[in-house]
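For reference, the structure is listed below as structure tokens.
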Amino acid sequence: MGESVQWIKHIELYVSSTATPSEQAASVDAVATLLKKGFFTLETLVKEMEMYLTTTDSIVRSRGNLLLAELLDKLASKPLSSSSIHSLVGFFTERLADWKALRGAIVGCLALLRRKVDVGNVTNSDAKAVAESFLQNLQVQSLGQHDRKLSFQLLECLLNHYPGAIGDLGDNLVYGICEAVDGEKDPECLLLVFQIVECLGQIYPDPSGPLANYAEDMFEILGSYFPIHFTHPKGEVDDSKREELSRALMLAFASTPLFEPFSIPLLLEKLSSSLPSAKVESFKYLSYCTAKYGPERMASHAEVLWSSVKEATYISPQCTLTKESELLGGMGFQDSEVMKQSFILLQEVIQQYGDFISLVLGDNDINVFINSLNQYKEMDDIPSLAKQRLHVVGHILSTCAKPSPALCNKVFNSFFPLLMESLGISVEKSFNGYLDEDCSPPAEFNFAAIYLCIELLAACRYVAVSLDSSTPALEFSHQTWSTMLSNSCKSLVKTFFSLLRSMEADQSASSGVYFGVKGLEILATFPESFLPASNSLYENILSEFVRTVTSGSTETFLWTLTLKALTEIGLFANKHPESAKAVIFEKIVVEKFVSLIPSGESAMPSSLKLKAAFEIGGTKKDFMLKVVHALSAAIYTNFSAAYDEGNHESGKVMIQLLDTYTEKVLPWFLKIGGFEEIPLNFALGIWEKIEHTKYLNLSVLEIAMGAGYQDLLGAIMSAIKKSVGSCSNESQEIIINKAFGVLSSSTGFGFESGSSLVKEEDVKQNLNPGDSSCKHEWLTSLFASVIIALRPQTSIPNGKMIIQLFIKSLLNGHVPSAHALGSLVNKLPLEIKGMNCSGNLTLNKALDMITPTFTGISHHDNVSQSNGSGIDFSSLRLNTLRMQSGINTAIGLAWIGKGLLMRGHEKVKDITMALLSLLMLDCEGGDSKELQIIDEEDMHQLRKTAADAFHIILSDSGECLSRAYHATIRPLYKQRFFSTIMPIFLSLVIKSDALLVSPTYTSRSMLYRAFAHVVSDTPVIAVLAESKKIVPILLDCLSVLSKDVANKEIIYNVLLVISGILVEKNGQEAAVENAPIIINLLIDLTTYQHMMAIRETAIQCLVAMTELPYTRIYPLRTKVLQATSKALDDPKRIVRQEAVRCRQSWASIASRTLRF
């Protein structure tokens, strides 16, 4: 009973004249929910609503009808009986005559007509009755936009879902639709109108049917909308809507061939429009309609269609040379959209109506133009218009030849003999099938004829490839184009060879090189079933290309193009790996380039050999496996020669080999997947070579290679990191066990499992110069590379010994050890549960060793208890080690802190406080006596290192602690660090200002340096949240740091932060309070001599300042204009351009008026 009262109240609310739209929507939802749950039936509802549905009050009746209609729409998935549906559709059909309740009637009919069969739907007879009532009672164009849209939706629904039922209405239906759509202008309604016309074309395809009687009238309505355009466009939204409408109109145009007598003349007429967009649309519609109307109807328009295509392409070409034109034989053109669409039309007409080709082939202008090409001997001799027409003719011939072998035959018959004659080649078959072996290539080349010849070769290759799988080899010989090409193929190859050889000395891009290589590539990529392209000819082409590549000493245009052609040939041959061509390619090309990798005899530079081998290897997995095996063998061979014999040349070669492996080969295998053994075997192979190398002549090699020695070490480390990082946990454990075994067996490491804290004497033992310490550092670097790339789940054996090794090395200045320690603390598990896990390394165990070593603080202690500021100055290693070790300590703290910060570990706070302690050493009055004897320059270097440590902590690193090396990265870790440390920095800045007593004091500048690093490396969104507090400090920071030229990179980064603040609303509020100071600082930086980017950015910031309130910036207007006047004489053009823009912005604020 309660529910009954409730839904009746909802009905009363809906029909009430005081109800808002939101209240009405809520009422519909509430009643629909009760109906779905079965609290009452639809029949009950209709009975209760009878008075609202039939009342003489038109407003209540209208709302009652609409309520019932909307409820039916909500109940679309609820099963209803056929009698209920019949009664309801009959009711709404009658209501179509009630214009005051029309909307509810249309919505109700729509809701019922859209129902699915499985839940009960409207019968065909009822649907026909709806259509008849619609046509009899509705004057659609007299309705409002929303009601017209609903009316068209109803028509579309009837046409789509009940075509058989309403098809019987015949002329009445077509005439009624014409009357309903005539004069429509609303875009949403027009979309429906076009779809309705499309449906009509499908319902009445008969050329003597109802639509035929009104085809002209219907198209007169449709044609008035072509081309679609908006009188007042409103940007991208309208562009998208215009495209949608245009496509719907095109589908309507092409919906029935009955429109052909009216649509084609209209579209051809629009081609004469001065608007390019109208021409584009016309060609697009013509292409689509040609495919739909069929060849019989389009035959009568053939001549005028060809004339239209010819006019748009050949007579008045609209194409421009591209930037890459020189690389494409001087024939790289970008066609206008009109030309693109006209070529599409040509292709469509050729495919639909084969006889159309006779118009093209017999065109006098085209034939005269081709005959005139003999006058041009060089591409540069051809005038611009003639070159555009040459491009167009090539495109036309190619388009005509591609659709079928028959069309290809016609094109070849008409033009190929003429082109061959221009090249001095006969197409007549000699007794042995080819021209005489001793025939000589022409003394001069007709490049225009060669270009057209290549276009035709590409077209017939397209035909041959499309027929390859379905056409026997014998059938190719019966094709005219195949016979002609068979007779000319060998001579063509010789011509292309001559082109290449005549241009070999020319290192720049040239037409001869491009055409020669392109022609040979096309001939080499004909399918194997095409007999004229014989295997012997294929071998000759490959051999010529290989000779060209292997004889190259520099990466010339010819060399690059030839290698690319070989790659394309390989990719094509390997589509059929069992074919003879694939076997020949492997024998002649692959084996040759693979054999060059370890060879030192070839005059070809190593960089070119490696590039060629990689490109050729990339054509097939098996080929790349050969490349990687040869590459690995060459790396191991040169490794022995470099480190055993001290051969510096082998060291240089090894760098190139390793770079190729790391940057090209390994990523190639990782991309295709399934080859984990490649990186595993490589990493193990390196450690095998280290293990079995008798002598490591590192000192000799370092002297011989100079700076290249570190490049070699870096290349090996990078290769090991990338390889280890690519392996699974299991493979990584194999590698680390192998690496640790090699280290353990090497002298000079002295691993001790019992010690956890590194003492000063331990460090001093490793400071002794000599080859043994050099070897120690070298091996530690390679071992660190393994540790850096490990996954977090990988088990690390002998963890305490490894950490001890890295700590000792780090305190001696070994940066890779710092990377390794940072990686360890980032990835080690907090704890390991399970049996036999007590010996495994965890994060807590690692920190128990690391923290006391670097800070003198136990992992379990709390730094903040040391003193009121949270900084314990007496705990640092600086007290016990020399200054250099203090610097090394700061670097180590930075990388360890970075690893902890990225995983979100709380101990990063201790690291941060330790670094701040180093940064602020002389801010305390109670510094230890050891500090009083330290040289001021050394102290400055220590503080600088501590400041730069904050850059290490927050910046992204490619060396370690990245996703590539499986780092643990907690979301928003930079933002969290920023919000934690910023209050500390602000308090230290205030404190340093109070303690500033000497002009030689430098801690303040280093504090600002650290602050600048933190702000610059934090995402701007986090900085903006604290902009009011930060902006004053940032300005002091700029003022202090700009005094030292060494800070120019930091100054630039700070300027970028200020720029980010100025363009955001939150930042502008903070900038308003400091506007004069900001402007004065920026003015000073516009003349900063040491970095152009600083001057440019400072001026850009001044432009951004003009967005601040008028009263805050106007007093400084004159000063800014004077500064920009000076900037107009800046030696850098980009600065001068920014100065012009800035001057215009500041000059314009004079015209502003104050508004209160």
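For the sequence shown, the UniProt record's numbering gives the first residue as 1, with consecutive numbering after it.
Don't be surprised by glycine CBs; every beta carbon is placed ideally from N, CA and C.
Could you tell me whether the Cβ atoms of L113 and L158 are closer together than 9 Å? yes
One or two residues paired with T320 in a DSSP bridge: Q334
Quick one: what does DSSP say E1064 is sitting in, helix, strand or coil? coil
Between L68, L407, Q334, which lies nearest to T313 when the distance is taken from Cα to Cα? Q334
Which residues mark the beginning and the end of the alpha helix (DSSP H) in which M801 is found? The continuous alpha helix (DSSP H) containing M801 extends over residues 799 to 811.
Under 8 Å Cβ to Cβ from M717, same chain only, skipping five residues before and after it: list those, please. S781, L782, A784, S785, P816
Expected contact under 8 Å - CB spacing of G886 and I953 to nearest Å: With a Cβ gap of about 18 Å, G886 and I953 do not count as contacting.
Take D468 and list the residues in its own chain whose beta-carbon comes closer than 7 Å to its own, dropping the five residues that flank it on each side. P527, S529
Using a Cβ-Cβ cutoff of less than 6 Å, which residues in the same chain neighbour R148 once the five nearest sequence positions on both sides are dropped? If we look at R148 and ignore the five residues flanking it on each side, its Cβ neighbours are V140, C189.
Measure the alpha-carbon distance for S488 versus E348 and round it to whole angstroms. 31 Å
Helix, strand or coil: which one does DSSP assign to N840? coil
Taking Cβ to Cβ, would you say P679 is nearer than 9 Å to A634? Taking 9 Å as the cut-off, the beta carbon of P679 is found no closer than this to the beta carbon of A634.
From the DSSP output, in three-state form, read off E378 for me. coil
Is the Cβ-Cβ distance between L102 and L96 less than 9 Å? In contact: L102 and L96 (Cβ atoms closer than 9 Å).
Cα-Cα separation between E50 and V107, rounded to whole angstroms: 18 Å
In chain order, what are the residue ranges of uninterrupted alpha helix (DSSP H) at least 4 long that sit wholly in the region 562 to 626? The region 562 to 626 contains these whole alpha helix (DSSP H) runs: 580 to 585, 591 to 596, 606 to 617.
K827 versus R903 - alpha carbon distance: 8 Å
Let me know the secondary structure DSSP gives T56 once reduced to three states. Secondary structure of T56 (DSSP, three-state): coil.
Cα-Cα, which of G90, P79, D1036, G104 is closest to R119? Checking the sequence shown, residue 119 turns out to be Val, not Arg. For V119, the nearest C-alpha among the options comes from P79.
Look up S529 in the DSSP assignment and say whether it is helix, strand or coil. coil
For residue 1167, which residues of its own chain have a beta-carbon under 8 Å away from its beta-carbon, when the five flanking residues on both sides are left out? The shown model of the chain, from 1 to 1156, leaves out residue 1167, and the question about it has no answer.
DSSP three-state call for D182: helix, strand or coil? Look at D182 here: in three-state DSSP terms it is coil, with no helix or strand label.
Can the beta-carbon of E676 be found less than 9 Å from the beta-carbon of S728? yes
From the DSSP output, in three-state form, read off G886 for me. helix
So, is A707 buried or exposed, given that buried needs 16 or more other C-beta atoms within 10 angstroms? exposed
Shortest alpha-carbon distance to S300 belongs to which of V338, E281, Y353? Checking every option, the nearest Cα to that of S300 belongs to Y353.
Nearest neighbour of L34, chosen from A302, F343, I203, H10 [CA to CA]: Among A302, F343, I203, H10, the Cα nearest to that of L34 is on H10.
In three-state DSSP terms, what is S404? coil
Which same chain residues, not among the five before or five after residue 1169, have their C-beta less than 7 Å away from its C-beta? Since the first and last residues shown for the chain are 1 and 1156, residue 1169 lies out of range.
If you count every other CB in all the chains shown that lies within 10 Å of the CB of K47, and 16 or more means buried, which is it? exposed
DSSP three-state assignment for R791, whether helix, strand or coil: DSSP places R791 in coil when its eight states are reduced to three.
Going straight from the alpha carbon of L1128 to that of L1034, what length do you get? 28 Å
Below 8 Å, how does it come out for the region 654 to 671 and the region 618 to 631: are there three or more Cβ pairs, yes or no? yes
Residue 1165: which of K620, G651, L143, I734 sits nearest, CA to CA? In the structure displayed, the chain extends from 1 to 1156; residue 1165 sits before or after that span and is not available.
Evaluate the contact criterion for the region 566 to 586 versus the region 631 to 650: three or more CB pairs, one atom per stretch, below 8 Å. no
Following a CB-centred definition, is V304 positioned closer than 8 Å to any heavy atom of the ligand ZN? For the structure depicted, the ligand ZN is absent and the ligand set is empty, with no information on it obtainable.
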